[in-house]
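*Asks:* Going line by line, the protein sequences match chains X and S.
Note that our numbering gives residue 42 to position 42 of the first sequence, counting from 1, and the numbers run on in steps of one.
When you read off a place in the second sequence, starting at 1, and then add 130, the result is the number in our numbering.
We put the CB at the ideal spot given by N, CA and C, even for glycine.
Number of protein chains: 2
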Amino acid sequence: MSKEVDVPAFRSQCPVAASLDLLGDKWSLVIVRDLMIGKRKYKDFQDSPEGIPTNILANRLRKLEGDGIIEKRPYQEKPVRYEYALTRKGADLLPVLQQLALWGHKHIPGSWSPPDWFLNAKPGDLPQEK
Amino acid sequence: MSKEVDVPAFRSQCPVAASLDLLGDKWSLVIVRDLMIGKRKYKDFQDSPEGIPTNILANRLRKLEGDGIIEKRPYQEKPVRYEYALTRKGADLLPVLQQLALWGHKHIPGSWSPPDWFLNAKPGDLPQEK
DNA sequence: ATGTAGACTTGCATATTGCAAGTGACTCAT
DNA sequence: ATGAGTCACTTGCAATATGCAAGTCTACAT
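Structure follows, in C-alpha cells:
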C-alpha cells in the first residue's frame, strides 16, 4: 500500500485554485488554525470544539506534512510521542486565516471576534519548526 | 423535495471554522474568484480551466445563493437566461482570495502571479449586485 | 423541420467523510 | 502483577459528496 500520500495534480495554474487543491476542504485550515494558536499534539487537535473525526485528523496531518505545510517530530521516546509544527510555508497562511476570520466575524452571526494578538501577528511570530 | 438547500449548522463559533462551513470545499471559492474576475454566466464558469462538473456547479451556485454570497437574476426573458453576481458579503471575500493567491504564488511552483489589478482591488471596486 | 445554445437535471460509479470501535506501547495506582 | 488509563493512531462500514456522461427544456436560427 502506497500510504495514501500522492503527488497532487493541480487543476490549473491559478494560484487560488492550486491553493484550494491543497487546502480546499473543511478540516485542513482548522488544523492550521490550531497550530497557530499553539496546539501541537494529536490530542490537542481532537479536543478542538469542531470535533474532527480521528481518521480524518490522521489523514490530514499526513497530507499537510506531505505538502510541506507542517512537520512532525517525536518529542519523546518510550513511548514515542509526536508533536506537530508549522513550517514557514504553513506559517505563511496566517494572512489567509486572518482575512478569513475577519470575514467570518463580519458576516456570520454569532461567530466570535478574532483576538487582537491573532490579527496583529505576523507569520514570523508564530511558533514554528526550523 | 426540499431542493437541497438546508440551513447550515456551524461546527463552532470560531470565525475560521464557521467560514469554512460555508466555503470549505474545492469549488466554492473558485466560483467566487470567477465572479471577481468578471464572469457572470453559467457557461462562463463551466469554461474555466479547472473544469467544474455541471452538477457541482449548479449545486454550488444554489448554496452560495442560499448563503447570501451571490445573487442570481434573469437578464433576459424568452428564453430566460440568468446571470450571477457577488453580494457585498461575497465581494468582501476579496481580501481572503488576495491572500490565498499570494500564498499560492509564493509556495506552489508553477502557479501564476496574481495580476496587479486583482491585488490592488478593494471589495467596493468589484462588479456586484445592489 | 433540423440544428444549435444556454442552463440546467439525472443516473451512476467512485471517492471522501463521519462514526464507532479497536490496537499497541507505555505509565501509574492498587 | 493485574487493571485501568493515556496517547496516537487504524480499521470497518455507512452516509455523503464528487465526477463523468448523457439527457432535458425552451427558444432562436436556417
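So is Lys26/X in contact with chain S if we call contact Cβ pairs under 8 Å?
*Replies:* Yes, its Cβ sits closer than 8 Å to a Cβ of chain S.
*Asks:* Around the C-beta of Ser48/X, are 16 or more other C-beta atoms found within 10 angstroms, so that it is buried, or is it exposed?
*Replies:* Classification of Ser48/X: buried, given that the 10 Å Cβ count is 16 or more.
*Asks:* Taking all protein chains shown into account, do 16 or more other C-beta atoms lie within 10 angstroms of the C-beta of Tyr75/X, making it buried, or fewer, making it exposed?
*Replies:* Tyr75/X should be labelled exposed.
*Asks:* Quick check: what's the CA-CA separation for Arg62/X versus Phe10/X?
*Replies:* Rounded to whole angstroms, Arg62/X to Phe10/X spans 18 Å at the Cα level.
*Asks:* Using 8 Å as the Cβ pair cut-off and three pairs as the minimum, do the region 51-70 of chain X and the region 99-112 of chain X touch?
*Replies:* The answer is no - the region 99-112 of chain X does not touch the region 51-70 of chain X, with fewer than three Cβ pairs under 8 Å.
*Asks:* Identify every residue that forms a DSSP beta bridge with Leu81/X.
*Replies:* The residue you asked about is not Leu; residue 81/X is Arg in the sequence shown. Bridge partners of Arg81/X: Gln76/X.
*Asks:* At a cut of 8 Å, does the region 11-26 of chain X reach the region 154-164 of chain S through at least three beta carbon pairs?
*Replies:* Yes: at least three Cβ pairs fall under 8 Å.
*Asks:* Taking just the CA atoms, how far does Gln128/X sit from Lys133/S?
*Replies:* Residue confidence is low: Lys133/S scores 46 on pLDDT, short of 50, so the model does not pin down where it sits. Its coordinate-derived value is still stated next. Distance between the alpha carbons of Lys133/S and Gln128/X is about 45 Å.
*Asks:* Which same chain residues, not among the five before or five after Thr87/X, have their C-beta less than 8 Å away from its C-beta?
*Replies:* Excluding sequence neighbours, Thr87/X sits near Gly68, Ile69, Ile70, Glu71, Gln128, Glu129 and Lys130.
*Asks:* Does the Cβ of Ala221/S have 16 or more other Cβ atoms within 10 Å, making it buried, or fewer, making it exposed?
*Replies:* With 16 or more other Cβ atoms within 10 Å, it is buried.
*Asks:* Check the DSSP bridge columns for Gln258/S and list the partner residues they point to.
*Replies:* Answer by DSSP bridge pairing, in chain order: Leu216/S.
*Asks:* At least one CB of chain X closer than 8 Å to the CB of Ala148/S: is that the case?
*Replies:* By this cut-off, Ala148/S is an interface position.
*Asks:* CB-CB under 6 Å to Arg190/S, same chain, minus the five flanking residues each way: which ones, in chain order?
*Replies:* Answer for Arg190/S: Trp157, Ser158 and Ile161, listed in chain order.
*Asks:* Which of the three DSSP states, helix, strand or coil, is assigned to Ser132/S?
*Replies:* Only weak support is given to the placement of Ser132/S: the predicted model assigns it a pLDDT of 42, under 50, and the question is left unresolved by the model.
*Asks:* Which residues in chain S sit within 7 Å of Leu116/X, going by Cβ to Cβ distance?
*Replies:* Leu is not the amino acid found at residue 116/X; the sequence shown has Asp there. The premise fails here: Asp116/X is roughly 14 Å from chain S at the closest Cβ pair, so nothing lies under 7 Å.
*Asks:* Using the beta-carbon count (16 or more within 10 Å), is Glu180/S buried or exposed?
*Replies:* By the neighbour-count rule (16 or more Cβ atoms within 10 Å), Glu180/S is buried.
*Asks:* Where does Arg33/X land, buried or exposed, given buried means 16+ other C-beta within 10 angstroms?
*Replies:* Under this definition Arg33/X is a buried residue.
*Asks:* State yes or no: is the C-beta of Gln13/X within less than 8 Å of the C-beta of Ser241/S?
*Replies:* Contact flag set, yes.
*Asks:* Going by DSSP, which residues form a beta bridge with Glu71/X?
*Replies:* Beta-bridge pairing links Glu71/X to Ala85/X.
*Asks:* Could you tell me which chain X residues have their CB closer than 7 Å to the CB of Glu180/S, listed as they occur along the chain?
*Replies:* Correct list: Arg11, Ser12 and Ala17.
*Asks:* Can you pull the chain X residues whose beta carbon is under 7 Å from the beta carbon of Arg170/S, in chain order?
*Replies:* Simply none; closest approach about 18 Å.
*Asks:* Indicate the three-state DSSP secondary structure (helix, strand or coil) for Ile161/S in the structure shown.
*Replies:* The answer is helix: DSSP assigns Ile161/S an H, G or I state.
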